[in-house]
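A.B. asks: Mind looking over this structure? Questions follow.
Residue numbers (this note's numbering), protein chains in the order written: chain A, 10 to 474; chain B, 10 to 474; chain C, 10 to 474; chain D, 10 to 474.
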């Protein structure tokens, strides 16, 4: 087994991968000014071996192994995994780091594939653990007209599909969107995005390929284009992901890397098996973000001298209730975990409720934060002002609140980054759409709920026997 | 130790207690047509010894004892207590039964009194367990002008107070309101309603007296005046509480029954110690009510043939999330319990969040239920119609939905009782005001939350060291 | 023309109508203890001729005519109609009185029928005005399984339908539900409940018949069964409607009373034409109810001494905003009225938004009211207590707040009637389901909104030409 | 009278004003790359003379005058002013343009000053109209610890104050924050920010000074630092404001420019008189923004092929109701206008309710928009991608939805700019804090509401005479 270092991880990214950024080919993702910070953020998934070995390093057959890659076999394993995900996210400023999503995919593959696909999945999972690889997961297809299924689209490539097959390989064409980490991962794991019907056989495909596979191009979004100054951008200058449009232009995949090959009946279960773990990941990696919202609200209220006002206390109470409800349900989802084919999965109803509360409350929570912070979020000074001693003295004088001016400005800038700038927008869109949309969580809650007890009780009370 | 039977419990209520109902003295509460159903409901707290001995009967020193009276000494004890409270409430149609509140008061007295008061509390608790008594708890004072404290009211009697004291007794005057069970309890336990200051010494009092103590009058509210027909009133015909204005007209209390005697600094802690347990009781006894709302929503949607409509599914999802969030937090509040002076108390933050979600969501949940059920809730037929065979055949024909007419009508009547009649109003007011108002829960969440972790994290990220 | 008096109206109800209440035939609706109060409430529609002649009496060709029956021909007419509806509802404690719904139906018939049906409608409308009749409108069919249309139901009678026709008459069978006023109206106007397709010809029917027509039976719901004591029930003891299941057991209708005879393409437009006016009625007759909620919240807060608390002020602000938004939109819907075939109709988008706000906010508004009022709503004394001088003195002492005990109790009883008793439940269900359900309003808003301006503006800004 | 052209307006800004941006003195605001777009946006207030003369040009004594400067003397004037504000904002992409705020201040000065101050205000207003000047309004003080009033702050300069006075002038020191337009206005009008007490005499000051007055420095916030590419930033590349920290370092103000000189009793009324007009401005200039939200939601739903899904229709309905409620109340606030010392003011209760609905619903509305749009908001391609033909063909293929890829991308970029980037954050913070915070609107609603009618009605119904 290997425990790679951040530098070893970085070295692995320097290959022939085809990454395009603002229309230009990127020679080295670890050196590109807009991509390097994301590589650094992801490298926390390796740095944590040293900083938190108790959580991040497992003993597998006497070999130290990254704990992310070890499938949970008990409720205690689920709890530890929850804590590990929270901790690495805490290092990453509340933004998902790297290995969570890949291991969610591996656990799903171990649970929901069969036959040769299952054997391939096991071999792949073993190699990932052995080599401590970085995985990206490409699940969401571009989808075209969402009122139509894969085979009904005008352009059949709008869902990734098998266009050819021979004895040793399949060839795939199409594009996945919103692929996090692809530009800074070693391997891209492809999962189906939804349940499929009989007509969708060619689209029922899952596999893994190295990031530098011929025919694969990663169009990285410049949305999170950052500014390196930490005065105005204390969060976004340090923490970011890369998201790509991941285009497979007749990519040949060796069969020993294929996990699902034209098995439409397994597509939905595999997609859901991933979701079970991935939403558990989501609710745990969001916990530091919850702390950021609550903590900055407390600090902002104090800085402005309004902490005792009735409406401020009411807003703080709502924030706390929201954050701690998500935290509580995240904890309980592990405690309610159960064995499923040898892998423990967190309780889906509880996981989805945690995610529901997070997503449902995120808008109101950040609105409260904006309310407590004030207009300074969008009218404050810049780093050039702060670095000019003459201007700084003016700012220190006039931005003093119930705390010194610098403290008030730095908290306001933190809140501005978190709620009013592109980083805030990124988090806001994630809250609604990442790891399953809010609508998807609602659907899943309805599916997972067993109404037997409630219905029987009412029938009895209503005299219906 | 004694495990009393329902009949023994009833027999104990036939004493000289002074109960007034609609301006008239009640001779025997077990025989009065409006009071007897409440006695029957409360008797479930004794019937459960037989129906669910595993939950309801504890072994204390080899003696079978009502499990309600045994203070929790572990997390497992808390969980069992939660299940016991849920079960007896399930027998009681989602309405609190009897012994919960009394034991909440006993545990609070054991935790928050001192000296002679503590000794008296211990002796009293031992006797209650030994004799399996029924306790009511009189906590909420009438309060007068709520912007003023006890000693500042125009009429000093608007909070219960000590008006005299001699070597053997104190004499108290005043009135408690919203006293549940008082007319059908053996003993009335009096607790202070709030924190008190130095000027409030005379009002800082706690004690227990038998229900037939001279000077004590129980003015029972006729709000829940019921109709015994189970067709129109499937719930309220069977389940009800008695609430009283509980007037102490210079009642003499022997000192060995006094738990707090002019100790204003202990008033607040005692009030809160009660609340800790009482809200745990609340969130557990509400669980069957949650099932009633969810179960009847499912049945009503099916009966009307609308279960597949998008807005119906959205409403069911909200109902489920609401109900199961409360259930989850109730469960977790026990799992997070901790030792406090030898008694395990459920985690207050989690308890108050559970209560918050219950209260906050109750209105919307029942509104959804009303929405799914339709106008039939208020335009349906009466028991006289149903009992007339000719009319019944018309009703069966025309009230058929996706299920037979009788089924649809019975579910609609159940929902009508639960949401649109006085029983529904009773539950609605309880949701906001019982076991601490919604505002009180919010206050308590803010108090119980420790912001250290969140604030330190934000300070670090914001560059404030 | 006639302006009937309340007594003349009452006299007209003493005929052979077949009214069934709790399984028994009612001999005289004006004399039945549970029905007479509803007759008295409806009689306000006649008493207003004397109390408010400026609003309630119109001059039609030199003849004084009940203003309800005069179709609006201008924006000013719409505004006056709004004020008239508000005023008669004010007399009726915020509950709809009588003539509004009938005139809504007449205006709809004048707009949406054609040919012989139109002629019959005009003749009928003229007679109603001339004789100042009381009309009930039977629109909502019992509907059976709501996922199926009229012709697809297992029992074809679950929507009212034509079962026979000859030269002079049609014969109809089926049942309408939620029919307000039927037992105390002179005539029953039948309207279709929804749009219909080709297969639904037999169900596309509209007509009017006298309440005592053979084959017609009115099964009156006992839901609002009242208690005449005004201490506990200040509202419901005085104001109520009768709602019936209205069964047509092969009722023969002369053809000159038929407005729609197997014209499915006109069923939807006629139903909507009624709704246009009927929701305008709704938002105007609700205005006194809004005042009741806001006014009692103000009084309750003052009585309890909490009017200055931050959360109380926040709740009052929400209540005011809710009530005054509905009032504003109601006013504006008349100001935005437009000519439609000679009759002015209020602006449908504005009307439906007013109704939306009313329905959407009703639950939260009454929840705030309950919150401000306190537990006294369900634990207060009864009329028997109040009438016993000895008990009354206790109540006066102990229910004193920041106002005398009597005042606090009477306001609390008012709020209890309005929110926690069956009257409150009745209002709550009305808020969601009457005059079109909340879901129906939402549908109508989406239909009535013209997105042209907004879409063109965005296309332009987004560079889409 | 003068009607200045955009170029004349620009020329007027080239003076000795002291503007600091990112720590550096700006030589010419019309030439600075980050400031020039804001100047261009503001110039729309002059361009509208030509593009919409019917709305924007008034005849005053035979002289064409910018209609902004003409005080409303009738309800029709208020309606026209509303339409003018909406139109100029429509040109400005839903962002306030320039003259609204200045004229709001002038009308307030005309209503709420007295004596010499009033005379100075009249003379100033006449000159502004005559010379068609651009005004900024500096109202919000930096405020320090908000729990303390002006005279109680540790540093007395935290509210702007008079530090010296002689026969001809006063000298002021302090800073105003969130001052929109200051860097590109001709004159800065200073208004008090709140009601003041006796101890606050020195802080009760109002005046106007040219932007290049000695001692005045404008520290412009770089928050809205823009990117000129219109592909990624269709809105923010064109429309922006400048906001400054406006520091008065012992600025000498001639007395004929002083409107309030140590008159604390007039400070509150003047602040509110401004707010009356300024919130009317707000609700009218937001109308195009409402269209942007609704229109882009419709387009996004169509582009994604989800327009018929139940949850999508529900969200569109909420958006429409929100937008059209604000529009309705804005219209009605003018229709309910009334004379107040010769100037018509819009109805404050209605204005504040419109603002309340806007602010209250803004978060949910944009959350719905984000929900409908999807993750593409934050993972989409950049302008460099789009401008590369090879990449563009990939984007066109894979971002096709129910509409061509370009259309979907352009709408998504519009929504991204509006909701997920700094421009969206700017709008979000404005929604809560600009033109009076949401809390301020709530306070004002409570103050403006007259509860007499509602309270009297309830007292009557409750039997309280």
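Quick reminder that beta carbons are idealized off the backbone N, C-alpha and C, glycines included.
Would you mind telling me which residues of chain D sit closer than 9 Å to residue 319 of chain B, beta carbon to beta carbon, in chain order?
C.D. replies: For this step, residue 319 of chain B is matched to residue 310 along the second chain. Result: 318, 319, 320, 322, 323.
A.B. asks: According to DSSP, residue 185 of chain B sits in a beta bridge with which residue or residues?
C.D. replies: As a working mapping, residue 185 of chain B is identified with position 176 in the second chain. According to DSSP, which records beta bridges pairwise, residue 185 of chain B is partnered with B:150, B:255.
A.B. asks: Below 8 Å on the Cβ atoms is my contact criterion, and I expect residue 463 of chain B with residue 372 of chain A to pass it. Report the Cβ-Cβ distance as a whole number of Å.
C.D. replies: Here the question's residue 463 of chain B lines up with position 454 in the second chain. Here the question's residue 372 of chain A lines up with position 363 in the first chain. Between residue 372 of chain A and residue 463 of chain B the Cβ distance is about 20 Å, and since that is not below 8 Å, they are no contact.
A.B. asks: Under 9 Å, Cβ to Cβ, is there at least one residue of chain D near residue 44 of chain A?
C.D. replies: Counting from 1 along the first chain, the entry for residue 44 of chain A is found at position 35. False, the Cβ-Cβ gap to chain D never drops below 9 Å.
A.B. asks: For a test of the three-state rule: what should DSSP assign to residue 221 of chain A, helix, strand or coil?
C.D. replies: Translated into positions along the first chain, residue 221 of chain A becomes position 212. Of the three classes helix, strand and coil, the one that applies to residue 221 of chain A here is coil, per DSSP.
A.B. asks: Do residue 208 of chain D and residue 158 of chain D come within 9 Å of each other at the CB atom, strictly closer than that value?
C.D. replies: The residue you call residue 158 of chain D lines up with position 149 of the fourth chain. The residue you call residue 208 of chain D lines up with position 199 of the fourth chain. Yes, the Cβ-Cβ distance between residue 158 of chain D and residue 208 of chain D is below 9 Å.
A.B. asks: Please classify residue 438 of chain A: does DSSP put it in a helix, a strand, or coil?
C.D. replies: In the first chain, the residue the question calls residue 438 of chain A occupies position 429. Three-state result, residue 438 of chain A: helix.
A.B. asks: Taking the alpha carbon of residue 269 of chain C as the reference point, which residue from C:171, C:12, C:301 has its own alpha carbon closest?
C.D. replies: Residue 269 of chain C sits at position 260 when you count from the first residue of the third chain. Taking only the C-alpha atoms, the option nearest residue 269 of chain C is C:171.
A.B. asks: Between residue 270 of chain C and chain D, is any beta-carbon pair separated by less than 9 Å?
C.D. replies: Start at 1 with the first residue of the third chain, and residue 270 of chain C comes out as number 261. No, residue 270 of chain C lies away from the interface with chain D (no Cβ there is under 9 Å from its Cβ).
A.B. asks: Would you say residue 437 of chain A reaches chain D, if we count a Cβ-Cβ gap shorter than 9 Å as a contact?
C.D. replies: Working through the first chain from its first residue, we reach residue 437 of chain A at position 428. Yes, contact with chain D.
A.B. asks: With distances taken Cα to Cα, identify the nearest neighbour of residue 57 of chain D among D:70, D:40, D:15.
C.D. replies: Working through the fourth chain from its first residue, we reach residue 57 of chain D at position 48. Here the closest residue by C-alpha is D:15.
A.B. asks: Sorted by chain position, which residues of the same chain lie with C-beta nearer than 6 Å to residue 22 of chain D's C-beta, five sequence neighbours on each side aside?
C.D. replies: Here the question's residue 22 of chain D lines up with position 13 in the fourth chain. Cβ neighbours of residue 22 of chain D beyond the five flanking positions: 38, 39, 193.
A.B. asks: On the DSSP bridge list, what partners appear for residue 228 of chain C?
C.D. replies: Along the third chain, one-based indexing puts residue 228 of chain C at 219. Looking at the DSSP assignment, residue 228 of chain C forms a beta bridge with C:29, C:254.
A.B. asks: Check each residue of the segment 241-253 of chain A: if its Cβ is closer than 8 Å to any Cβ of chain D, include it; give the result in chain order.
C.D. replies: For the segment 241-253 of chain A, which is checked against every Cβ of chain D, the residues closer than 8 Å are 241, 252, 253.
A.B. asks: CB residue 383 of chain B to CB residue 323 of chain D, shorter than 9 Å?
C.D. replies: Within the second chain, residue 383 of chain B is the residue found at index 374, counting from 1. Within the fourth chain, residue 323 of chain D is the residue found at index 314, counting from 1. Not in contact: residue 383 of chain B and residue 323 of chain D (Cβ atoms no closer than 9 Å).
A.B. asks: Within the continuous beta strand (DSSP E) that includes residue 492 of chain C, where are the two ends?
C.D. replies: For chain C, the structure presents residues 10 to 474; residue 492 of chain C sits outside this window and is missing.
A.B. asks: For the segment 342-395 of chain C, which segments carrying the alpha helix (DSSP H) assignment without a break, of at least 4 residues, lie completely within its bounds, in sequence order?
C.D. replies: For the segment 342-395 of chain C, whole alpha helix (DSSP H) runs of length 4 or above, ordered along the chain, are 357-382, 385-388.
A.B. asks: How many Å lie between residue 240 of chain D and residue 44 of chain A at the Cα?
C.D. replies: Position 231 of the fourth chain, counted from the start, is the residue given in the question as residue 240 of chain D. Position 35 of the first chain, counted from the start, is the residue given in the question as residue 44 of chain A. Answer to the nearest angstrom: the Cα atoms are 21 Å apart.
A.B. asks: Could you list the residues in the segment 460-472 of chain B with a C-beta less than 8 Å from some C-beta on chain A, going in chain order?
C.D. replies: Within the segment 460-472 of chain B, the residues whose Cβ lies closer than 8 Å to some Cβ of chain A are 460, 462, 463, 464, 465, 466, 467, 468, 470, 471, 472, listed in chain order.
A.B. asks: Would residue 451 of chain D pass as an interface residue toward chain C - the criterion being a Cβ-Cβ separation below 9 Å?
C.D. replies: Along the fourth chain, one-based indexing puts residue 451 of chain D at 442. So yes, residue 451 of chain D belongs to the interface.
A.B. asks: Name the chain C residues that come within less than 8 Å of residue 230 of chain B, Cβ to Cβ?
C.D. replies: Position 221 of the second chain holds residue 230 of chain B. Chain C residues near residue 230 of chain B: 387, 388, 389, 390, 391.
A.B. asks: What are the residues of the segment 352-365 of chain C that lie near chain D, defined by any Cβ-Cβ distance shorter than 8 Å?
C.D. replies: Listed by position, the residues of the segment 352-365 of chain C near chain D (Cβ gap below 8 Å) are 358, 359, 362, 365.
A.B. asks: In chain B, what lies closer than 7 Å to residue 419 of chain A by C-beta?
C.D. replies: For the purposes of this step, residue 419 of chain A is taken as the residue at position 410 of the first chain. By Cβ distance, chain B contributes 471, 472, 473.
A.B. asks: Any C-beta of chain D sitting closer than 9 Å to the C-beta of residue 57 of chain C?
C.D. replies: In the third chain, residue 57 of chain C corresponds to position 48, counting from 1. Not closer than 9 Å to any Cβ of chain D, the Cβ of residue 57 of chain C fails to qualify, so no.
A.B. asks: Looking at the strands, I want to know which residues DSSP matches up with residue 94 of chain A.
C.D. replies: Translated into positions along the first chain, residue 94 of chain A becomes position 85. Note: residue 94 of chain A sits in no beta bridge, so no partner.
A.B. asks: Run through the segment 76-148 of chain D for me and flag every whole alpha helix (DSSP H) of 4 or more residues, listed as ranges in chain order.
C.D. replies: Fully enclosed alpha helix (DSSP H) runs of 4 or longer: 84-100, 108-121, 124-140.
A.B. asks: Quick check on DSSP: helix, strand or coil for residue 270 of chain B?
C.D. replies: Position 261 of the second chain, counting from 1, holds the residue named residue 270 of chain B. The answer is strand: DSSP assigns residue 270 of chain B an E or B state.
A.B. asks: With distances taken from CA atoms, which of A:422, A:220, A:178 is nearest residue 147 of chain A?
C.D. replies: The residue you call residue 147 of chain A lines up with position 138 of the first chain. With distances taken between Cα atoms, residue 147 of chain A lies closest to A:220.
A.B. asks: Flag this pair as touching only if the segment 390-405 of chain B and the segment 387-399 of chain C have three or more C-beta atom pairs under 8 Å; answer yes or no.
C.D. replies: Because the criterion of three Cβ pairs below 8 Å is not met, the segment 390-405 of chain B and the segment 387-399 of chain C do not touch.
A.B. asks: Whose CA, out of B:419, B:12, B:449, lies closest to the CA of residue 471 of chain A?
C.D. replies: By one-based count along the first chain, residue 471 of chain A stands at place 462. Cα-wise, what sits closest to residue 471 of chain A is B:419.
A.B. asks: Are there three or more Cβ pairs, one per stretch, closer than 8 Å when the segment 100-113 of chain C is compared with the segment 341-355 of chain C?
C.D. replies: Segments in contact, no.
A.B. asks: Going by beta carbon distance, what residues of the same chain come within less than 8 Å of residue 137 of chain B, once the five residues before and after it are set aside?
C.D. replies: Numbered from its first residue, the second chain carries residue 137 of chain B at position 128. Closer than 8 Å at Cβ, skipping near neighbours: 78, 111, 115, 144, 196.
A.B. asks: Which residue comes first and which comes last in the beta strand (DSSP E) that contains residue 4 of chain C?
C.D. replies: Only positions 10 to 474 of chain C appear in this structure, which leaves residue 4 of chain C out of reach.
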